[in-house]
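Notes to accompany the following structure.
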Amino acid sequence: MIDPVRMLRAFAALGALWLVCASTVAVGQENPPPAEHARDDARSEPWRFSSTSEEFVVANAQFVLTHELAHLVIDEKRVPILGPEESAADYIAAMMLIRPRATPPEGPEALLRVAVNTADGFAIEWQRRERLGRGVPYWDTHSLTVQRFSTLACLLYGSGPERFAGLLERVDMPQARARICVDEYARAAYAIDWLFDNYARREGEPPGAPLETRFEAPPTLTSRRMLDAIRKQGFVERTIAFFNETVALEKPATFVMRSCKQPQAMWVPATRELVFCYELLDAYAAMSLERRAEPGGPRLTSPPDASSGD
Ligand SMILES: [Zn+2]
Numbered sequence: 401m402i403d404p405v406r407m408l409r410a411f412a413a414l415g416a417l418w419l420v421c422a423s424t425v426a427v428g429q430e431n432p433p434p435a436e437h438a439r440d441d442a443r444s445e446p447w448r449f450s451s452t453s454e455e456f457v458v459a460n461a462q463f464v465l466t467h468e469l470a471h472l473v474i475d476e477k478r479v480p481i482l483g484p485e486e487s488a489a490d491y492i493a494a495m496m497l498i499r500p501r502a503t504p505p506e507g508p509e510a511l512l513r514v515a516v517n518t519a520d521g522f523a524i525e526w527q528r529r530e531r532l533g534r535g536v537p538y539w540d541t542h543s544l545t546v547q548r549f550s551t552l553a554c555l556l557y558g559s560g561p562e563r564f565a566g567l568l569e570r571v572d573m574p575q576a577r578a579r580i581c582v583d584e585y586a587r588a589a590y591a592i593d594w595l596f597d598n599y600a601r602r603e604g605e606p607p608g609a610p611l612e613t614r615f616e617a618p619p620t621l622t623s624r625r626m627l628d629a630i631r632k633q634g635f636v637e638r639t640i641a642f643f644n645e646t647v648a649l650e651k652p653a654t655f656v657m658r659s660c661k662q663p664q665a666m667w668v669p670a671t672r673e674l675v676f677c678y679e680l681l682d683a684y685a686a687m688s689l690e691r692r693a694e695p696g697g698p699r700l701t702s703p704p705d706a707s708s709g710d
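Under this note's numbering, the first residue of the sequence shown carries the number 401, and numbering increases by one thereafter.
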């Protein structure tokens, strides 16, 4: 039996995590660790990496984009799945980070840090909900955020028990679950390979209709700054290019970043738009402040907080 509070506390001690609320805040004034030191830590123990607010926001945005692309593929290709589509999209996104088909210029460790930062975000979201006494949203189409956190931690550990040995202790993962994580990762690896084998464009096949990208004007200073960071990092362009290479769409579609008054992202089949709302960047930025508020990790008990949005 997993005690989520113990897990969260342990993971918080790591200094890694975030989530969604709806306020505009300025971020990025923290002092990042010396770059060389951070890179060394990331190579040897990627889950130790303590990201800056900017990296935290960009990483979470990267997970969201990948998750939404998974929805697009499931919908477009009518991929048979058992269980909630949201869980399938989470697993696909997680495996694209932990077991990537293409390595980004920063190296594969960068993608592991994206997974760690995303797990952090789920944990912070869960903490916020508990703090606000908002109850357990068990009818939600998504798994509980605390489960999304433990799933990511489990897949990370399962992907390399030796490499991630320290993670076990850090997140207080029971040995029994850890052993299962190895199998869970193996099953997920088998499934993602199957997905590519069956639905990816084969060599020599003509490309499909394009997924295009459009960036509308961000509405806030924070979302402007975060969009700049995202464009500089380049993951949107790389991810969409990889998608266009890999998936043959029947009709064109558009990935659009725009203001939509809600901190959310979604695939909209009717308009063939994959929408990423700038309000989500604001929300992640606010969460990153929460993460930084307590040295070494996010707060686990409840200071007053006015905003939330999921
Ligand atoms: Zn989803």
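Think of the CB as a built atom: it goes at the ideal place given N, C-alpha and C, for glycine as much as any other residue. What you are looking at is a predicted structure, and each value in this text was computed from that prediction instead of being measured.
Three-state secondary structure (DSSP) at residue i?
i	result
ALA670	coil
LEU611	strand
VAL656	strand
PHE564	coil
VAL647	coil
VAL479	coil
VAL546	helix
ALA600	coil
VAL473	helix
ALA586	helix
GLU430	Bear in mind that a pLDDT of 34 at GLU430, under 50, signals an unreliable position, so the number given afterwards is only what the model happens to contain. Here GLU430 sits in coil by DSSP.
VAL571	coil
VAL716	The requested residue 716 is not part of the displayed model; the chain covers only 401 to 710.
VAL536	coil
ALA576	helix
ALA489	helix
ALA494	helix
ALA502	coil
ALA617	coil
Once the 5 residues before and after residue i are set aside, which same chain residues still bring their CB inside 8 Å of it?
i	result
ARG501	PHE596, PHE642, THR646
HIS437	In this prediction, HIS437 has a pLDDT of 44, which is less than 50 and means its spatial position is unreliable; nothing more can be read from the coordinates.
ASP475	TRP667, PRO669
PRO607	ARG601, ASN644, GLU645, ALA648
ARG672	LYS651, PRO652, ALA653, THR654
TYR538	LEU544
LYS661	CYS677, GLU679
ALA576	none
Residue i and residue j: beta carbons closer than 8 Å?
i	j	result
GLU612	PRO669	no
ILE630	ALA461	yes
THR639	LEU465	yes
SER688	PHE456	yes
ALA648	GLU603	no
LEU674	MET626	no
LYS477	TYR557	no
ALA588	LEU555	yes
THR541	PRO484	yes
ARG499	ILE580	no
ARG531	ASP490	no
Report back the beta-carbon spacing between residue i and residue j to the nearest angstrom; my notes put them in contact at under 8 Å.
i	j	result
GLU584	ALA609	Not confirmed; about 35 Å, so no contact.
PRO504	LEU512	In fact, because the Cβ distance is near 11 Å, the residues do not count as touching under 8 Å.
ALA685	SER453	7 Å
PHE487	SER543	Checking the sequence shown, residue 487 turns out to be Ser, not Phe. Yes, SER487 and SER543 are in contact; Cβ-Cβ is about 6 Å, under 8 Å.
VAL514	ALA578	Not confirmed; about 22 Å, so no contact.
PRO561	VAL582	6 Å
Return the chain-ordered list of same chain residues with a C-beta closer than 6 Å to the C-beta of residue i, the five sequence neighbours on each side being excluded.
i	result
MET657	PHE615, PHE676
THR545	PHE522, GLU525, TRP526
SER659	PRO619, TYR678
PHE635	GLN462
GLN633	VAL458
MET495	ALA588, ILE592
GLU506	none
Short of 7 Å in beta carbon distance, which residues of its chain neighbour residue i, apart from the five on each side in sequence? Order them along the chain.
i	result
PRO508	PRO500
SER559	ILE498, ARG499, TYR585
Item to complete: Kindly confirm or deny that the region 463-478 and the region 564-583 touch, where touching means at least three C-beta pairs closer than 8 Å.
Response: no
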